[in-house]
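J.: Going letter by letter, the sequence shown gives residues -11 to 355 in my numbering.
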Amino acid sequence: MMAESLSLPARKSPSLSMRSLPLLLLRLRAYLALLLLIILFSSIAPSFLSARNLVIVAEQVAVFAILGIGMTFVILAAGIDLSVGAVAGLAAMVAGYLISEGLRLPWLGVSAFFSIPVVCILSLALGTLVGAINGWFITRLKVTPFIMTLGMLYMARGAAQLVSGGATYGDLAGQAELYNGGFLLLGTARVLSVPVSIWLMLILTLVAVYISRKTVFGRQVFAIGGNERAAELSGVRVSRVKMGTYAISGFCAALAGLIIASRLGAANPAIATSYELNAIAVVVLGGASLFGGVGTIGGTLIGAFVLGVLSNGMVLVGISDFWQTVITGAVIVLAVVVDQLQRRVEKSSAERQAKAQEDRGSPTTAA
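1. Which residue from Gly296, Val333, Gln48, Gly67 puts its Cα closest to that of Ala18?
2. By Cβ distance, which residues of its chain are closer than 8 Å to Leu180, with the 5 residues on each side in sequence left out?
3. Ala325: buried (16+ other C-beta within 10 angstroms of its C-beta) or exposed?
4. What is the DSSP secondary structure of Ala258, reduced to helix, strand or coil?
5. In this structure, does DSSP put Leu173 in helix, strand or coil?
6. Where do the N-terminal and C-terminal ends of the beta strand (DSSP E) with Ser99 fall, by residue?
7. Could you compute how far the alpha carbon of Gln328 sits from the alpha carbon of Leu70?
8. For the putative contact between Ala241 and Gly115, defined by C-beta atoms under 8 Å, what is the C-beta separation to the nearest angstrom?
9. In the DSSP assignment, what are the bridge partners of Leu91?
10. Tell me the residue span of the alpha helix (DSSP H) that contains Asp327.
11. Just confirm the distance between the C-beta atoms of Val209 and Met59, as a whole number of angstroms; I'd bet it's less than 8 Å.
12. When DSSP labels each residue in this structure, what does Arg178 get in the three-state scheme?
13. Are there 16 or more other CB atoms within 10 angstroms of the CB of Ile68, so buried, or fewer, so exposed?
14. For the putative contact between Ile104 and Gly170, defined by C-beta atoms under 8 Å, what is the C-beta separation to the nearest angstrom?
15. Is Ala76 closer than 8 Å to Tyr263 when the C-beta atoms are compared?
16. Which class does Tyr157 belong to by DSSP, given the choice of helix, strand or coil?
17. Kindly indicate which residue of Gly73, Ala74, Ala53, Ala100 has the alpha-carbon position closest to the one of Leu86.
18. Have a look at Thr137 and Lys343 and give me their C-alpha separation to the nearest angstrom.
19. Please classify Gln341: is it buried, with 16 or more other beta-carbons within 10 angstroms of its beta-carbon, or exposed?
20. Taking the alpha-carbon positions, what's the Ala50 to Gly56 distance?
21. Kindly indicate the opening and closing residues of the alpha helix (DSSP H) around Leu357.
22. With 16 other CB atoms within 10 Å as the buried threshold, where does Leu298 fall?
23. Tell me the residue span of the alpha helix (DSSP H) that contains Asp24.
24. Contact check, Leu25 vs Gly301 under 8 Å by CB: the rounded distance?
25. The alpha helix (DSSP H) that contains Thr60, what's its start and end?
26. Which residue wins for smallest C-alpha separation from Ala80, given the options Leu304, Val319, Gly317, Leu160?
27. Where in the segment 261 to 302 do unbroken runs of the alpha helix (DSSP H), each at least 4 residues long, occur, reported from the N-terminal end onward?
28. Kindly confirm or deny that the segment 197 to 205 and the segment 21 to 40 touch, where touching means at least three C-beta pairs closer than 8 Å.
29. For Pro183, which beta-bridge partners are listed by DSSP?
30. Note down the Cα distance separating Ser185 from Leu12, rounded to an integer number of angstroms.
31. Can you name, in chain order, every residue of its own chain whose Cβ lies under 7 Å from the Cβ of Gly361, other than the five neighbours on each side?
32. Between Val294, Leu188, Pro133, which has its C-alpha nearest Leu278's C-alpha?
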């Protein structure tokens, strides 16, 4: 009897949709969390869905989103920036100093006062410079991102206190005769009935989406986060790109600080304290991986809405500030745990698919 080669029929596997459902839920976790929070707080606090409160939520989200957009680029490149809150405070204090006291010129015995656009440009440039310094130490001197940005957190916060000797610049309205009025419009003015801060968030989001998806720089950021060594071998200037991500983070942090100071009408060295946690939280909640290479600007925006709705809802419900801090920390931990779970599910799914393809492509020989 001659042996005959037969291909046995493949065994039926569970439905693809059933296999993909857990992974789909994990990938949509930010949207699901946002929907559940809206349902929860609107049922507990009837005023949650009022027009006035929704505007408050959107304004709060704007600050979280702007910080998160800068942090997204850093995390996509497998980095971390713990200094964004302090940089925001430093930028706010520099703006307050320039508006209230002007730039002192001792050799001339006068102080130079600048228009608000110039004040904002100088503050944003300072934030960008601080971010670039972070990137330079991290890429050139090989300082661990966690240590470098943690150190910068203390240095920037200390510098913010040195600007005014720890005091608060309490009136940033400016003076008409000095042509430096109008700073408060950044945080209070409206265009087409929408606050300026929300317009800034939307514009920055669109620019960031374009950079991340349509530019060489954006593709290189993803490549570095996915495999830095492979990106370097393929010709990517890793040091320059990573420095660019930290510069973007510093710029976004400074913009957030200006918005906060304008909204308060005052600049205090403690502005944006612990906001680095919020920035990391919105990025991870939006589906980005702390290991780099995975994440989107749109996801970060949704993550910012999750955190903004959560913060606003806790205030309306009457939860104390202390518990709000605890809950925010727990949300960060939970987001990281879910991220790890998603990675394991994706890995397991990829292994099953590879095994299934191998089984389908390997005929079984029977006598």
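Where a beta carbon is used, it is the ideal one built from N, C-alpha and C, also for glycine.
T.: On the basis of the supplied data:
1. Here residue 18 corresponds to residue number 30 of the sequence shown, with the count starting at 1. It is Gly296.
2. If you number the sequence shown from 1, residue 180 lands on position 192. So no residue of the chain qualifies.
3. The residue you call residue 325 lines up with position 337 of the sequence shown. In the sequence as displayed, the identity of residue 325 is Val instead of Ala. By the 10 Å Cβ count, Val325 comes out exposed.
4. Translated into positions along the sequence shown, residue 258 becomes position 270. Coil.
5. One-based indexing of the sequence shown puts residue 173 at position 185. Looking at Leu173 - three-state DSSP - the assignment turns out to be helix.
6. Position 111 of the sequence shown, counted from the start, is the residue given in the question as residue 99. Where Ser99 is concerned, the enclosing beta strand (DSSP E) stretches over 98 to 100.
7. Within the sequence shown, the letter at position 340 stands for residue 328. Within the sequence shown, the letter at position 82 stands for residue 70. Roughly 21 Å separates the two Cα atoms.
8. The count along the sequence shown starts at 1 and reaches residue 241 at position 253. The count along the sequence shown starts at 1 and reaches residue 115 at position 127. Indeed they touch by this definition, with Cβ atoms about 5 Å apart.
9. Taking the sequence shown and counting its residues from 1, one reaches residue 91 at position 103. Leu91 is bridged to Ala100.
10. Within the sequence shown, the letter at position 339 stands for residue 327. Asp327 -> alpha helix (DSSP H) spans 309 to 348.
11. Translated into positions along the sequence shown, residue 209 becomes position 221. Translated into positions along the sequence shown, residue 59 becomes position 71. That pair is no contact at about 13 Å.
12. Sequence index remark: in the sequence shown, residue 178 carries index 190 (1-based). If DSSP states are grouped into helix, strand and coil, Arg178 belongs with the strands.
13. One-based indexing of the sequence shown puts residue 68 at position 80. With 16 or more Cβ atoms within 10 Å of its Cβ, Ile68 is classed as buried.
14. Numbered from 1 along the sequence shown, position 116 holds the residue referred to as residue 104. Numbered from 1 along the sequence shown, position 182 holds the residue referred to as residue 170. With 8 Å as the limit, Ile104 and Gly170 qualify as a contact, their Cβ atoms being about 5 Å apart.
15. Position 275 of the sequence shown holds residue 263. Position 88 of the sequence shown holds residue 76. Yes; because the gap between Cβ atoms is below 8 Å, this pair is in contact.
16. To locate residue 157, count along the sequence shown from 1; it is residue 169. DSSP places Tyr157 in strand when its eight states are reduced to three.
17. On the sequence shown, position 98 is the one that residue 86 refers to. Of the candidates Gly73, Ala74, Ala53, Ala100, the one whose C-alpha sits nearest the C-alpha of Leu86 is Ala100.
18. Position 149 of the sequence shown holds residue 137. Position 355 of the sequence shown holds residue 343. C-alpha separation (whole angstroms): 43 Å.
19. On the sequence shown, residue 341 is found 353 positions in, with the first residue counted as 1. With fewer than 16 other Cβ atoms within 10 Å, it is exposed.
20. Translated into the one-based positions of the sequence shown, residue 50 becomes position 62. Translated into the one-based positions of the sequence shown, residue 56 becomes position 68. In a straight line, the C-alpha of Ala50 is about 10 Å away from that of Gly56.
21. Examination of residue 357 is not possible in this model, given that the chain is present from -11 through 355 alone.
22. Position 310 of the sequence shown, counted from the start, is the residue given in the question as residue 298. Buried, because 16 or more other Cβ atoms sit within 10 Å of the Cβ of Leu298.
23. Numbered from 1 along the sequence shown, position 36 holds the residue referred to as residue 24. In the sequence as presented, Asp is not what sits at residue 24; that position holds Leu. From DSSP, the alpha helix (DSSP H) with Leu24 extends over 17 to 32.
24. The residue given as residue 25 occupies position 37 in the sequence shown. The residue given as residue 301 occupies position 313 in the sequence shown. Correct: roughly 6 Å between the Cβ atoms.
25. By 1-based counting over the sequence shown, the position of residue 60 is 72. That run of the alpha helix (DSSP H) goes 39 to 64.
26. Taking the sequence shown and counting its residues from 1, one reaches residue 80 at position 92. Of Leu304, Val319, Gly317, Leu160, the residue nearest in Cα terms is Leu160.
27. 263 to 273
28. no
29. Sequence index remark: in the sequence shown, residue 183 carries index 195 (1-based). Arg178.
30. As a first step, residue 185 must be located in the sequence shown, where it is residue number 197. As a first step, residue 12 must be located in the sequence shown, where it is residue number 24. Computed Cα separation, rounded: 33 Å.
31. As displayed, the chain neither begins before -11 nor continues past 355, which places residue 361 out of reach and without an answer.
32. For the purposes of this step, residue 278 is identified with residue 290 of the sequence shown, where counting begins at 1. When each option's Cα is compared against that of Leu278, the closest is Pro133.
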